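Heads up: the structure comes next, in structure tokens.
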Amino acid sequence: MHSRRWFAPLSFLILPLTACGGGEDIPPATPPPPPPDAVTAPAPPAVTADASKPAAETPPPAGKMAPLEIREAAPPSDPSPMPSVAISSPRANESVPAAKAADFEVKLAIKDWPVAKGGPHVHLILDDNPYHAVYDAAAKVKLSELSGGQPIAEGEHVLFAFPSRETHISVKPSGDKKPFAAVVFWVGKAGKAAWKPTDPTLIYSRPKGEYSGADAEKVALDFYLLNAELGEGKHAVRATVTPASGMPATVVAKKWAPFDLVNLPHGEATVKLELLDKEGNPVPGRFNSTTRSIKLSRQGM
């Protein structure tokens, strides 16, 4: 009795399913939707370098340097007591025989300045030649040493001398103390002097020679002045530095102070110093416009 009640409903369910097996008018049942994490979900992007980033975000090429700069440096403090320098030979307006000029000895009298090799010294300059560093107060320096080995021409010549620190930055006047000496002398027959000690005069001092390694990182620029006060409405000094590569740099100094040349590249550079009047015009004079070349060894720069 209980068996009939179980099979009767089962037969009812099987018969309709069997009847639908060969019919083509009835569409197949719709498949269930895929699970949420089906393979159709997009894959995460691969981590790659972004080629669209601007070049500025990448490190600069090796050896890339910033532009050349001429920066005013802090002047060193004045020494105490203030040193003094005098030229004892030749005497003012002395005539030196032309045949003896090359071996003629220049003598200095130095006070309150303990000159020593690698330390304080005196810059001794003949005419517009590069300075000769004097590290011995008793030294006798031949004129040929001051002329770079060039013949000493007959006529007027001028010697300049001033104390310099171990950094080659000169000691400037302070008040009425003027640690400076200048002498006009003659080779051969004396004549009428073209330069007078009262003339506004610019004397080139630094830079000089060759620089390498750490010395090339910051190159000192220094000069000496006679009878020329710097300032607004007064004289000025124009410095123009032309590097081996890159753009030149110029500064017009209205304060007597040393400067630093920063970011000078490898190779030869030229440094031009000019004394200007209050209108900005070059001041005439043999020493008032000087151009020198220096060399920098900075491989890869």
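Numbering-wise (my numbering), the sequence shown opens with residue 722 and increments by one.
The beta carbon of each residue, even a glycine, is placed where N, CA and C say it ideally should be.
Here the structure is a predicted model, which is why all the values come from computation and not from measurement.
If we ignore side chains and look at the alpha-carbon of each, how far apart do residue i and residue j end up?
{"i": "G967", "j": "S805", "result": "42 Å"}
{"i": "G896", "j": "D799", "result": "11 Å"}
{"i": "G909", "j": "E826", "result": "16 Å"}
{"i": "Q1020", "j": "D833", "result": "42 Å"}
{"i": "T971", "j": "G1001", "result": "14 Å"}
{"i": "E953", "j": "A978", "result": "15 Å"}
{"i": "A813", "j": "S865", "result": "19 Å"}
{"i": "I890", "j": "L951", "result": "18 Å"}
{"i": "A794", "j": "T1011", "result": "21 Å"}
{"i": "V760", "j": "M786", "result": "Confidence is the limiting factor: at V760 the pLDDT is only 45, short of 50, which leaves the residue's position unreliable, though a coordinate-based value still follows. Going by the C-alpha atoms only, they are around 54 Å apart."}
{"i": "P990", "j": "H956", "result": "The question names Pro, yet the displayed sequence has Ala at residue 990. When rounded, the distance between both Cα atoms is 26 Å."}
{"i": "N917", "j": "S933", "result": "Position check: residue 917 holds Lys in this sequence, whereas Asn was assumed. So the two alpha carbons sit approximately 39 Å from each other."}
{"i": "P788", "j": "P986", "result": "9 Å"}
{"i": "S885", "j": "A830", "result": "15 Å"}
{"i": "K975", "j": "G988", "result": "30 Å"}
{"i": "P802", "j": "K838", "result": "21 Å"}
{"i": "S926", "j": "F944", "result": "5 Å"}
{"i": "A822", "j": "P796", "result": "38 Å"}
{"i": "D857", "j": "V836", "result": "6 Å"}
{"i": "H1014", "j": "A965", "result": "Strictly speaking, residue 1014 in this sequence is Ser, with His absent from that position. So the two alpha carbons sit approximately 10 Å from each other."}
{"i": "W907", "j": "K999", "result": "33 Å"}
{"i": "P969", "j": "S816", "result": "43 Å"}
{"i": "K863", "j": "G869", "result": "11 Å"}
{"i": "A820", "j": "E938", "result": "45 Å"}
{"i": "N984", "j": "I873", "result": "38 Å"}
{"i": "D936", "j": "L923", "result": "25 Å"}
{"i": "G1006", "j": "T919", "result": "12 Å"}
{"i": "L994", "j": "P851", "result": "13 Å"}
I think residue i touches residue j, with their Cβ atoms under 8 Å apart; what is that distance to the nearest whole Å?
{"i": "I808", "j": "A882", "result": "6 Å"}
{"i": "E887", "j": "P841", "result": "6 Å"}
{"i": "D849", "j": "F980", "result": "Incorrect: roughly 20 Å between the Cβ atoms, too far for contact."}
{"i": "P921", "j": "V1004", "result": "5 Å"}
{"i": "P811", "j": "V940", "result": "Their Cβ separation, rounded to whole angstroms, is 33 Å, which puts P811 and V940 out of contact at 8 Å."}
{"i": "L996", "j": "V958", "result": "6 Å"}
{"i": "A914", "j": "E875", "result": "About 14 Å; that fails the 8 Å criterion."}
{"i": "P928", "j": "L880", "result": "With a Cβ gap of about 22 Å, P928 and L880 do not count as contacting."}
{"i": "L845", "j": "V855", "result": "5 Å"}
Tell me the residue span of the beta strand (DSSP E) that contains residue i.
{"i": "L867", "result": "Looking at the DSSP string, L867 is not in any beta strand (DSSP E); the run it does join, the alpha helix (DSSP H), is 864 to 867."}
{"i": "A807", "result": "805 to 810"}
{"i": "S926", "result": "922 to 927"}
{"i": "T919", "result": "Neither: T919 is in no beta strand (DSSP E) and is coded neither H nor E."}
{"i": "L982", "result": "980 to 983"}
{"i": "A965", "result": "That residue, A965, is in no beta strand (DSSP E); it is neither H nor E in DSSP."}
{"i": "S1014", "result": "1010 to 1018"}
{"i": "R792", "result": "790 to 793"}
{"i": "V972", "result": "970 to 974"}
Going by DSSP, name the residue or residues bridged to residue i.
{"i": "G934", "result": "In the DSSP output, where bridge partners are listed per residue, G934 has none listed."}
{"i": "D943", "result": "R927"}
{"i": "K821", "result": "Answer is none; K821 lacks a bridge partner."}
{"i": "W907", "result": "S816, E877"}
{"i": "G988", "result": "L1017"}
{"i": "V827", "result": "V862"}
{"i": "V958", "result": "A974, L996"}
{"i": "P1005", "result": "Partner(s): none; P1005 has no beta bridge."}
Would residue i count as contacting chain D if we go by Cβ distances under 9 Å?
{"i": "R927", "result": "Given the protein chain composition of this structure (a single chain), no chain D is represented."}
- Item | Minimum length 3: unbroken beta strand (DSSP E) runs contained in the stretch 830 to 903 | Complete beta strand (DSSP E) runs here, min 3: 842 to 847, 853 to 855, 861 to 863, 876 to 885.
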